[in-house]
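To keep things clear, I will list the structure first and then write my remarks on it.
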Amino acid sequence: MRRNESEPKKLTGYAISIIKNNRGIVLMMALSLLVLFTTATVLYLNTTASYFKITKKLTYSIRAFFLAESGIQKTLYKLRQIPGYTGGEGLCSELMPMGEYEVDVDSLVDGKREVRAIGYFPGKNIAGAAKKEITATVSCPAGLPPWFYDNAIVAGEDVELIGGSYTVTGGIGYGDSIDPPDTPNAQQFEEDFPMLDFKQLRDIAISQVNAEGQNNLYTKNDIENHKPFPDSFWFDKDAPIPHIPNVVYVETDLEVSGNVRICGFYVVAGDFITDANTTMDGKATIDGCVYTLGDFEINGGGSGLGVTGGVWARDGIRLNGNAKASFTQEYMNAIENTWNLGVKPQVVSWKETYKFE
Amino acid sequence: MSQKNKRRKFRAFTIPEMLLGVIIFALAVTAAVNIYTMISQLWKENLVTNELSLSANIAIERMVHGKSANTGLLAAKRISAPLLGISANSVDYTDAFDVSRRFYYSGGKIYAEDDKPIISNIDEAAIALSNIFFNIDNRMVRIVLALKKSVGRKEIKLCVETKVSLRN
Numbered sequence: 001m002r003r004n005e006s007e008p009k010k011l012t013g014y015a016i017s018i019i020k021n022n023r024g025i026v027l028m029m030a031l032s033l034l035v036l037f038t039t040a041t042v043l044y045l046n047t048t049a050s051y052f053k054i055t056k057k058l059t060y061s062i063r064a065f066f067l068a069e070s071g072i073q074k075t076l077y078k079l080r081q082i083p084g085y086t087g088g089e090g091l092c093s094e095l096m097p098m099g100e101y102e103v104d105v106d107s108l109v110d111g112k113r114e115v116r117a118i119g120y121f122p123g124k125n126i127a128g129a130a131k132k133e134i135t136a137t138v139s140c141p142a143g144l145p146p147w148f149y150d151n152a153i154v155a156g157e158d159v160e161l162i163g164g165s166y167t168v169t170g171g172i173g174y175g176d177s178i179d180p181p182d183t184p185n186a187q188q189f190e191e192d193f194p195m196l197d198f199k200q201l202r203d204i205a206i207s208q209v210n211a212e213g214q215n216n217l218y219t220k221n222d223i224e225n226h227k228p229f230p231d232s233f234w235f236d237k238d239a240p241i242p243h244i245p246n247v248v249y250v251e252t253d254l255e256v257s258g259n260v261r262i263c264g265f266y267v268v269a270g271d272f273i274t275d276a277n278t279t280m281d282g283k284a285t286i287d288g289c290v291y292t293l294g295d296f297e298i299n300g301g302g303s304g305l306g307v308t309g310g311v312w313a314r315d316g317i318r319l320n321g322n323a324k325a326s327f328t329q330e331y332m333n334a335i336e337n338t339w340n341l342g343v344k345p346q347v348v349s350w351k352e353t354y355k356f357e
Numbered sequence: 001m002s003q004k005n006k007r008r009k010f011r012a013f014t015i016p017e018m019l020l021g022v023i024i025f026a027l028a029v030t031a032a033v034n035i036y037t038m039i040s041q042l043w044k045e046n047l048v049t050n051e052l053s054l055s056a057n058i059a060i061e062r063m064v065h066g067k068s069a070n071t072g073l074l075a076a077k078r079i080s081a082p083l084l085g086i087s088a089n090s091v092d093y094t095d096a097f098d099v100s101r102r103f104y105y106s107g108g109k110i111y112a113e114d115d116k117p118i119i120s121n122i123d124e125a126a127i128a129l130s131n132i133f134f135n136i137d138n139r140m141v142r143i144v145l146a147l148k149k150s151v152g153r154k155e156i157k158l159c160v161e162t163k164v165s166l167r168n
């Protein structure tokens, strides 16, 4: 009889015998276990390989990040050396045994340059290389801002005037905010607070040696040992006009307290201290001007407490109690006309940029 | 059914079958143990590499930027050790506030100036500084941090480097 093709095939005699006598079951179980074991091993190896890739990426990313930061730092160095530096050096590796970075420097817009540095590890053209990008804005002003010599107090951040006993004779400039907000003669500026060329100022301070053989450089030791400050704003007060101001270069925090009067153009913190603070208490007076890279604070005190020439503080200015800050045109003119103070490029903002490609 | 017929129906494995089974089982177990050991070692190496990467990141960040503003090498007034271009297990510098600071390796840890470890659990560390550009008012140094840790017989090494424009 012909078998209908649509009917399922019947089991052959050999297959029936395997099932009936259980003789192949061990083989089947062994094979199943082997398949299970192999699958588990492959999955385990796969997971391990993924973790390896993650670790490799992390390690490469960290190296690429620091290479990108190298690019920013090198560009800052170059901009300080060559004011018109525009980058374009292509891939750099220099002393780096592995890894590369490249830097783009945008053209000058509003006194600022955008610097983009990309770090690659182990190399740009190597498959699987990590790439990290940092963008920094570098302020590269051609000179001092127009308001620099025009105000009694200038703060890069906030001005805080507390109570009603303070006196500010002259204009007020601020970068972020002022309290009270309706203070007269106050103006917000848009430019970055200028970072002076401290080497120039330090050299001037060292070169100004008085009759006692003492120069105007004040190290931390000098401050601790109470090295006397100049007693006149003018370095050559006995010489014919125009006089030259004393440039007093203080490498550490300047604290003036008690019934003292010190004179000169005080550059506080020098070129390597950015957060030094200038604090005045008691009846102290600075007959002259102060440029500080940190905060400037006057706390309470009696009559005569304050600064007569003008104050620049990169951070904030806080006047509390019977504090006085005045603007003296003669002092400002003397500083402006005696030296052409240089301003150096500084990084004003920094961010890591992500691009999903 | 006779005893003879029963024995024939449920007969045991033969010696060659047993031997083959045992050999295959032994091979499978050995392979499994070897694979497990190898992967475990790779896992450990991977974890250590991960740990070293993160440690190097923390250490370099701390050295360059400091614990607080202007206390790291970025704001250093001067670097006294190691001598430029020479590798050492410590770095000494004077920060922006004229405070002497140092980072040093000792007993599996890198310490900051306050004798608190910033990273730990490493076997060896070296810090090298090289002068890239130098003049009196504008200075840049290259900082290389090399870390080493053993996993079993294998040594995991990691080297991270960057450049810093010193404040002037």
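If you're matching them up, the sequences are chains A and B in order.
So that you can map any letter, position 62 of the first sequence is 62 in the numbering used here, and since no number is skipped, the others follow by simple counting.
So that you can map any letter, position 56 of the second sequence is 56 in the numbering used here, and since no number is skipped, the others follow by simple counting.
Positions of the beta carbon are idealized from the N, C-alpha and C atoms, including for glycine.
Note that this is a predicted model, so its numbers are computed, not measured.
- Relative to the Cα of residue 140 of chain B, the nearest Cα in the group A:135, A:285, A:69 and A:205 belongs to A:69.
- Residue 219 of chain A has no beta-bridge partner at all, per DSSP.
- Proximity of residue 165 of chain B to chain A, defined by a Cβ-Cβ separation below 8 Å, is satisfied.
- The beta carbon of residue 78 of chain A sits closer than 7 Å to those of 85, all from its chain and outside the five residues before and after it, given in chain order.
- At a Cβ-Cβ threshold of 8 Å, residue 166 of chain B and residue 76 of chain B count as neighbours.
- In this structure, the CA atom of residue 102 of chain B is about 13 Å from the CA atom of residue 65 of chain B.
- Within chain A, the residues placing a beta-carbon under 8 Å from that of residue 140 of chain B are 73, 74 and 77, ordered along the chain.
- Under the three-pair Cβ rule at 8 Å, the segment 154 to 170 of chain A does not count as touching the segment 100 to 116 of chain A.
- In the DSSP assignment, residue 43 of chain B falls within the unbroken alpha helix (DSSP H) covering 15 to 65.
- In the displayed model, residue 200 of chain A falls within a helix according to three-state DSSP.
- Proximity to residue 212 of chain A across A:204, A:221, A:228 and A:222 peaks at A:228, based on C-alpha coordinates.
- Contact annotation: residue 265 of chain A and residue 335 of chain A have beta-carbon atoms nearer than 8 Å.
- Here DSSP, grouped into helix, strand and coil, assigns residue 133 of chain A to strand.
- In the assembly as shown, residue 44 of chain A is an exposed residue. Its beta-carbon has fewer than 16 other beta-carbons within 10 Å.
- Of A:119, A:141 and A:142, the smallest CA-CA separation from residue 135 of chain A is found for A:119.
- Here residue 153 of chain B is not bridged, per DSSP, to any residue.
- Using a Cβ-Cβ cut-off of 9 Å, residue 69 of chain A is close to 64, 162, 163 and 164 of chain B, given in chain order.
- Neighbours of residue 56 of chain B across chain A, judged by C-beta separation under 8 Å: 62.
- Listed along chain A are 59, each with a C-beta nearer than 8 Å to that of residue 158 of chain B.
- The segment 173 to 182 of chain A makes contact with the segment 152 to 160 of chain A, as at least three CB pairs between them are under 8 Å.
- Contact of residue 39 of chain A with chain B is not assigned, every C-beta pair being separated by 8 Å or more.
- At a cut-off of 8 Å between beta carbons, residue 39 of chain B contacts chain A.
- Under the three-state reduction of DSSP output, residue 126 of chain A falls in the coil class, being neither helix nor strand.
- Taking a C-beta distance under 8 Å as the contact criterion, residue 60 of chain B and residue 162 of chain B qualify as a contact pair.
- Closest in C-alpha terms to residue 351 of chain A, from the list A:132, A:292 and A:320, comes A:132.
- DSSP places residue 100 of chain A inside the beta strand (DSSP E), whose first and last residues are 100 to 105.
- For residue 187 of chain A, the three-state secondary structure derived from DSSP is strand.
- An exposed status is given to residue 16 of chain B, since fewer than 16 other beta-carbon atoms sit within 10 Å of its beta-carbon.
- Nearest to residue 35 of chain B by alpha-carbon distance, out of A:310, A:26, A:48 and A:178, is A:48.
- Contact check for residue 139 of chain A against residue 267 of chain A fails: the beta carbons are separated by 8 Å or more.
- Membership of residue 37 of chain A in the alpha helix (DSSP H) is indicated by the continuous run 25 to 81.
- Minimum Cα-Cα distance from residue 108 of chain A among the listed residues A:124, A:137, A:93 and A:122 corresponds to A:137.
- Taking C-beta atoms as the reference points, residue 105 of chain B and residue 120 of chain B fail to come closer than 8 Å.
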